[in-house]
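What follows is a set of notes on a single structure, which appears directly below.
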Amino acid sequence: MPATPAQSPLRVVHTVCSHDCPDSCGVLVTVDEHGRAVKVQGDPSHPVTQGFLCGKVAKYLDRVYAPDRIVYPLRRKPGVAKDPRPRGTEQDAFERVSWDEALNEIAARLKDIADRYGPESILPYSYAGTIGQLGYGSMDRRFFHRLGASQLDRTICAEAGGQAWKLVYGKKLGTPTEDFKHAKLIIAWAGNIHGNNVHLWPMVEQARRNGARLIVIDPYRTRTAALADWHIAIRPGTDAALALGMMHVILREGLEDRPYAEAMTHGLEQLYERVREYTPQRVANWTGMTPGEIEQLAREYATTRPAAIRLNYGVQRVENGGAAVRAIIMLPALTGAWKHRGGGAQLSTSGAFEFDEDALRRPDLALQSPLGRLARVINMSQLGEALTGLGHDDWREGPAVHALFVYNSNPGAVAPNHNSVVRGLKRSDLFTVVHDLFFTDTTDYADYILPATTFLEHTDIQGAYGHYFVQLSQQAIEPPGEARSNMWLFGQLAQRMGFEEACFRDTPEEMIAQALRIGPDGRSANPNMEHITLDDLRQKGHLPLAFHREPETNPFQPFVSGAVPTPSGKIEFYSEILAAQGRDPLPAFVAPAESRWSEAAKRYPLEFLSRKNDNYMNSTFANLDGHRKMEARTSQKLEIHPLDAEARGISDGDAVRVFNDRGWINLSAKINGDLPAGVVAGRLDWAKLSRDAVNVNVLTSERLTDIGAGATFYSALVEVEKASL
Ligand code: SF4
Numbered sequence: 241m242p243a244t245p246a247q248s249p250l251r252v253v254h255t256v257c258s259h260d261c262p263d264s265c266g267v268l269v270t271v272d273e274h275g276r277a278v279k280v281q282g283d284p285s286h287p288v289t290q291g292f293l294c295g296k297v298a299k300y301l302d303r304v305y306a307p308d309r310i311v312y313p314l315r316r317k318p319g320v321a322k323d324p325r326p327r328g329t330e331q332d333a334f335e336r337v338s339w340d341e342a343l344n345e346i347a348a349r350l351k352d353i354a355d356r357y358g359p360e361s362i363l364p365y366s367y368a369g370t371i372g373q374l375g376y377g378s379m380d381r382r383f384f385h386r387l388g389a390s391q392l393d394r395t396i397c398a399e400a401g402g403q404a405w406k407l408v409y410g411k412k413l414g415t416p417t418e419d420f421k422h423a424k425l426i427i428a429w430a431g432n433i434h435g436n437n438v439h440l441w442p443m444v445e446q447a448r449r450n451g452a453r454l455i456v457i458d459p460y461r462t463r464t465a466a467l468a469d470w471h472i473a474i475r476p477g478t479d480a481a482l483a484l485g486m487m488h489v490i491l492r493e494g495l496e497d498r499p500y501a502e503a504m505t506h507g508l509e510q511l512y513e514r515v516r517e518y519t520p521q522r523v524a525n526w527t528g529m530t531p532g533e534i535e536q537l538a539r540e541y542a543t544t545r546p547a548a549i550r551l552n553y554g555v556q557r558v559e560n561g562g563a564a565v566r567a568i569i570m571l572p573a574l575t576g577a578w579k580h581r582g583g584g585a586q587l588s589t590s591g592a593f594e595f596d597e598d599a600l601r602r603p604d605l606a607l608q609s610p611l612g613r614l615a616r617v618i619n620m621s622q623l624g625e626a627l628t629g630l631g632h633d634d635w636r637e638g639p640a641v642h643a644l645f646v647y648n649s650n651p652g653a654v655a656p657n658h659n660s661v662v663r664g665l666k667r668s669d670l671f672t673v674v675h676d677l678f679f680t681d682t683t684d685y686a687d688y689i690l691p692a693t694t695f696l697e698h699t700d701i702q703g704a705y706g707h708y709f710v711q712l713s714q715q716a717i718e719p720p721g722e723a724r725s726n727m728w729l730f731g732q733l734a735q736r737m738g739f740e741e742a743c744f745r746d747t748p749e750e751m752i753a754q755a756l757r758i759g760p761d762g763r764s765a766n767p768n769m770e771h772i773t774l775d776d777l778r779q780k781g782h783l784p785l786a787f788h789r790e791p792e793t794n795p796f797q798p799f800v801s802g803a804v805p806t807p808s809g810k811i812e813f814y815s816e817i818l819a820a821q822g823r824d825p826l827p828a829f830v831a832p833a834e835s836r837w838s839e840a841a842k843r844y845p846l847e848f849l850s851r852k853n854d855n856y857m858n859s860t861f862a863n864l865d866g867h868r869k870m871e872a873r874t875s876q877k878l879e880i881h882p883l884d885a886e887a888r889g890i891s892d893g894d895a896v897r898v899f900n901d902r903g904w905i906n907l908s909a910k911i912n913g914d915l916p917a918g919v920v921a922g923r924l925d926w927a928k929l930s931r932d933a934v935n936v937n938v939l940t941s942e943r944l945t946d947i948g949a950g951a952t953f954y955s956a957l958v959e960v961e962k963a964s965l
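Numbering-wise (the numbering used here), the sequence shown opens with residue 241 and increments by one.
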């Protein structure tokens, strides 16, 4: 912790950015004598944060002190319909109530609904609005387990890729971020490093200064792609084909590291047989690349050392996404890239932390619920279906959803098949509670809105999925008005429900000790954290995991030797788990259900990319004017290739209607020759901030991925026509 001069009225508090980003930055918050935060800055002593923050969070005080922040509990006024409301008018639909009133009334409604329809008729809905261990999943899970509420399968972002990684490597570990500077070739595969993993960028720059090349594989010319040595604008959803084609070339030309592969992998011969059919010519037909480009990429990857792949989650948001991730991450196992410091791959480092989630979430409390067992599971990527398809109590072995409790998420904006989600949210018999900081696309349908805290206003403990440091986020300021953390909220609600278990009164400090498995001696029982004490964390803010304590003299290089935590004990080209399930144990390319190869393309010939904004975090930050200005270039635009525009008589700036069977949205055309022909792109925004109160998720489907049952945002076919606005 930096020292504050003794006479200074300012104090500096170590917090951690808890937004859904791999970088998990250490953030120093300067607080004045009135308890007001006056500055946020990246922690200069954190080896990954390196003293700077991204554009989203550098302006964070705009969010903390936004004049339109919700700071009191609100209840819908009697008789006011649940409809989208224009920004600035939302307050009119609600009246202020005290926390006591809100908690008592919500508890009474939940009890009544549980009594009438069974507790599984209550559905929590949350994701990574905060990724601190307490904020993401702790008291909330205790509450819903004890209640017997439906469990939520949290699949909307990363489940296909995460499961795919575990099938191949057993555990989510990867090349340390700091080591990318040693690479001589970096492939950002669906990774917009500059936009949403910006603390890797200095490592990339350092590597490039030392002669490394950067290749970006992405259908869209992101800021990262524009800065690359080679941008491969592959067609959406064809990544599995490309990776299999690369392996075809590598094995055909004998460029694999056979001694490494024979020692460390399982199923090499089966993989060899599988990739035979993925000739450069066939792969070229799918990807839009030339056969020569595929061969060049494979050779360059296999013969450059160290070679690192930074894979990100966009690649797995298509039906074949699990297979795509498996195929891509087999590349370093085939070439032995893990052996070279700075080589290998990174999708997520989260598997290294092993916080004690059972202690935090207490799934055992389900046994005390009226069900006496764990409740049924509902997939969050099918919220529309859950809210509308289950209008009848015979749906999938359980009751209809009669209560929805939303926190850490904004499904009215981010969930696929927006029109279906909204139909569900508008149901007059659905009781909805939302815990959030602002009026959002979801609060428009709430019965109660409860004011939430930012990461400056509560205490938490956090790992990361882009580095190997544990960090303590200390409360820097008091929450404004009556805003409260979700940990506080669910503890209070549990007591109003009459849950008597002592765990509902645990303090944040006690829960942090549980997460870290701190024993009576003050030390962690987690082998990767055995050197960590709470005092140390309070002093330093961040501490490396045990294997990453001496990165220069004893660097962490996973998967170089030894046993791998898979069924075979090796890196699995051939998945024993999938084989046991009777599924194809090897990756294969299957064209997305909605793609240029499918029957539906006759009606809807354009592949639609529902893109995220670099300066928002999914839907977070989209309500802030400063952030919106940074996204003005593409906000409410449809990017379309000149050939596709010409074929439809569309000129730059024209109003266009983008549609498919699920819905439509009006946008303004932006001609972009960098997109592959046949691909159009629009940005996720708040529905209420567009003219027709919809967003691009009206076009996306609730179809699920092959592995992990994740969302398939990047597999949607549309047609575009000129519109008159
Ligand atoms: S969003 Fe990511 S890069 Fe930005 S401050 Fe938070 S953790 Fe750091």
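Every residue gets a Cβ at the ideal spot worked out from N, C-alpha and C, and that includes glycine. What you are looking at is a predicted structure, and each value in this text was computed from that prediction instead of being measured.
Is any heavy atom of the ligand SF4 found at a distance shorter than 7 Å from the C-beta of residue i?
i	result
K296	yes
S264	yes
L293	yes
H707	no
H439	yes
M857	yes
C397	no
H867	no
H698	no
R286	In the sequence on display, residue 286 carries His and not Arg. Checking the Cβ of H286 against the ligand SF4 gives no.
H259	yes
Buried or exposed: residue i, going by 16 or more other Cβ atoms within 10 Å of its Cβ?
i	result
D208	Here the chain has residues from 241 to 965 only, and residue 208 is not among them.
N648	buried
E790	exposed
G893	exposed
H422	buried
D634	Any reading at D634 needs caution, since the residue's pLDDT is 48, under 50, leaving its predicted position unreliable; the model's value is listed next. The residue in question, D634, is exposed, as its Cβ has fewer than 16 Cβ neighbours within 10 Å.
G583	buried
K810	buried
A803	exposed
T672	buried
Measuring alpha carbon to alpha carbon, tell me which of the options ends up nearest residue i.
i	options	result
F861	P572, H254, G295, V253	G295
Y685	P639, T693, L627	L627
F678	R667, L783, F709, P720	P720
A585	N552, D458, E597, A563	N552
N768	R309, H788, A704, V565	H788
Y844	D901, A564, A734, F796	D901
S941	L907, P832, E879	P832
P287	L363, P416, A400	P416
A606	F384, A321, W926	F384
K424	Q876, I455, L407	I455
Just how far apart, CA to CA, sit residue i and residue j?
i	j	result
H707	T505	25 Å
G532	V558	26 Å
S964	S891	13 Å
D272	K279	9 Å
E509	W405	20 Å
T806	A542	25 Å
D302	L864	8 Å
R663	E625	10 Å
Q391	N794	42 Å
G266	E718	19 Å
D323	F695	30 Å
L777	L783	7 Å
L250	Q732	33 Å
Let's see if you can read the secondary structure: which residues bound the alpha helix (DSSP H) around residue i?
i	result
I362	Taken as a continuous stretch (DSSP letters only), I362 belongs to no alpha helix (DSSP H), being part of the beta strand (DSSP E) at 362 to 365.
R475	No alpha helix (DSSP H) holds R475; DSSP gives it neither H nor E.
N344	339 to 357
I433	433 to 436
Identify the continuous beta strand (DSSP E) that holds residue i and give its terminal residues.
i	result
Y647	643 to 647
D884	From DSSP, D884 is part of no beta strand (DSSP E) but of the alpha helix (DSSP H) over 882 to 887.
L712	709 to 713
S660	Note, S660: premise wrong, no beta strand (DSSP E); alpha helix (DSSP H) at 658 to 665.
Any beta carbon from chain B within less than 8 Å of residue i's own beta carbon?
i	result
A480	Here there is only one protein chain, and chain B is not present.
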